[in-house]
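Residue numbers (the numbering used here): 1 to 391.
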């Protein structure tokens, strides 16, 4: 809910020089206008709010000792209704999770051809569907589509059916803050300053629909029915303490100059987990992984996306691709955890899953640091609803 002018005045944001002529950005239902002000402004506002919420704040009159403002401005989590934090114009999903790309490649092409020749030279991506990006807590309906009932049959003839191989993809996603003009690429040295912050993302995937449709142009209906993100955007500055090297840092030297970053710590040490709960059952942590299992950074994704002169807009969403570790129990999708649906995983109550069933609850989590320097992303949660009946 946007803040009223009187509530904004009580927070005294007008004290900040960078906001004096932009105080209305927090009266909007989304954060696009604030994001467009750029990283120096984001930093100033973040530091101001940190000071207000400190126990030993130098401004106790604003919130700490102001019972009326606390009652008005602070909402118990159980009473809060979350919304999409940004107005999303375009959504692009990348494929920067090297382990996931290799694991899936082995399933479909064998270990010798698991990765395509271009994979370690550019951040592979595809244009997704922004209209079906939804906030955590939104139920996801199982899609109907064309699938092959018998993939080994000859000739191959599809049937129209509810998806039988519904899957999740554990990802991070970054929002674009400041735009570039059409025709003007964003240099890799400036790309990070064009980013606003990061959310958790579940890129729902209909594997059987995808298997039939993806050649030659890639996924379409298999990915367009829902993408879930968390409502809380973690600003880029908040992730600074958790910088680390990503996968294969030596690969930087083989990249073309427009993708080479000067610093090596371009990934983030963010712990991630995927939890599955069947209807009436107990939650099971299916996988734990880490965000440093990415081959490319968000800066590289943005530089590559815009290198042709593609104009990026405030609120555009960039998905990282599925983040998986190298071993079982660290895979960010059921496709990997079940070896392509060949081996079921056991849930806490003894039931088994190869892919998602109706009523299943999926929760993704992300967190970095420890007490005193902890950053949480909140839950990325959804329940699977049955497909629409087919007449």
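Here a beta-carbon is modelled for each residue, glycine too, at the ideal position from N, C-alpha and C.
Rounded separation between residue i and residue j - CA only
i: residue 373; j: residue 366; result: 14 Å
i: residue 242; j: residue 267; result: 8 Å
i: residue 327; j: residue 8; result: 49 Å
i: residue 214; j: residue 16; result: 51 Å
i: residue 122; j: residue 259; result: 8 Å
i: residue 88; j: residue 169; result: 20 Å
i: residue 337; j: residue 329; result: 7 Å
i: residue 390; j: residue 144; result: 8 Å
i: residue 347; j: residue 380; result: 20 Å
i: residue 10; j: residue 44; result: 18 Å
i: residue 64; j: residue 322; result: 41 Å
i: residue 324; j: residue 273; result: 10 Å
i: residue 97; j: residue 116; result: 14 Å
i: residue 353; j: residue 70; result: 45 Å
i: residue 345; j: residue 104; result: 18 Å
i: residue 141; j: residue 363; result: 16 Å
i: residue 199; j: residue 245; result: 20 Å
i: residue 212; j: residue 156; result: 9 Å
i: residue 262; j: residue 174; result: 20 Å
i: residue 27; j: residue 19; result: 13 Å
i: residue 56; j: residue 114; result: 55 Å
i: residue 21; j: residue 282; result: 51 Å
i: residue 162; j: residue 340; result: 19 Å
Per-residue burial, residue i [other beta carbons within 10 Å of its own, 16 or more giving buried]
i: residue 93; result: buried
i: residue 203; result: buried
i: residue 194; result: buried
i: residue 335; result: buried
i: residue 35; result: buried
i: residue 165; result: buried
i: residue 285; result: exposed
i: residue 278; result: buried
i: residue 298; result: buried
i: residue 81; result: exposed
i: residue 309; result: exposed
i: residue 171; result: buried
i: residue 219; result: buried
i: residue 42; result: buried
i: residue 99; result: buried
i: residue 79; result: exposed
i: residue 184; result: exposed
i: residue 223; result: buried
i: residue 25; result: buried
i: residue 167; result: buried
For residue i, the nearest candidate out of the options (CA to CA)
i: residue 191; options: 355, 237, 385, 304; result: 304
i: residue 216; options: 358, 126, 24, 25; result: 126
i: residue 151; options: 108, 14, 354; result: 108
i: residue 234; options: 50, 20, 377; result: 377
i: residue 315; options: 136, 179, 100; result: 179
i: residue 177; options: 33, 369, 331; result: 33
i: residue 230; options: 142, 135, 341, 91; result: 135
i: residue 292; options: 265, 275, 313, 254; result: 265
i: residue 196; options: 318, 206, 106, 306; result: 318
i: residue 13; options: 173, 46, 83; result: 46
i: residue 228; options: 67, 130, 350, 61; result: 130
i: residue 350; options: 263, 249, 68, 276; result: 276
i: residue 205; options: 48, 128, 72; result: 128
i: residue 240; options: 75, 95, 57, 369; result: 369
i: residue 361; options: 388, 280, 111; result: 280
Residue i in three-state terms, based on DSSP
i: residue 104; result: helix
i: residue 330; result: coil
i: residue 258; result: helix
i: residue 138; result: coil
i: residue 296; result: coil
i: residue 271; result: strand
i: residue 146; result: strand
i: residue 72; result: helix
i: residue 23; result: helix
i: residue 52; result: helix
i: residue 368; result: strand
i: residue 353; result: strand
i: residue 382; result: strand
i: residue 183; result: coil
i: residue 283; result: coil
i: residue 196; result: strand
i: residue 313; result: coil
8 Å contact criterion, which residue i and residue j should meet: CB distance rounded
i: residue 300; j: residue 188; result: 7 Å
i: residue 375; j: residue 238; result: 5 Å
i: residue 359; j: residue 383; result: 7 Å
i: residue 226; j: residue 333; result: So it is not a contact: roughly 15 Å between Cβ atoms.
i: residue 236; j: residue 54; result: Residue 236 to residue 54, Cβ: 22 Å. No contact.
i: residue 294; j: residue 254; result: Not a contact, Cβ separation roughly 17 Å.
i: residue 269; j: residue 288; result: Residue 269 to residue 288, Cβ: 13 Å. No contact.
CB contact check: residue i to chain E, cutoff 7 Å
i: residue 178; result: Given the protein chain composition of this structure (a single chain), no chain E is represented.
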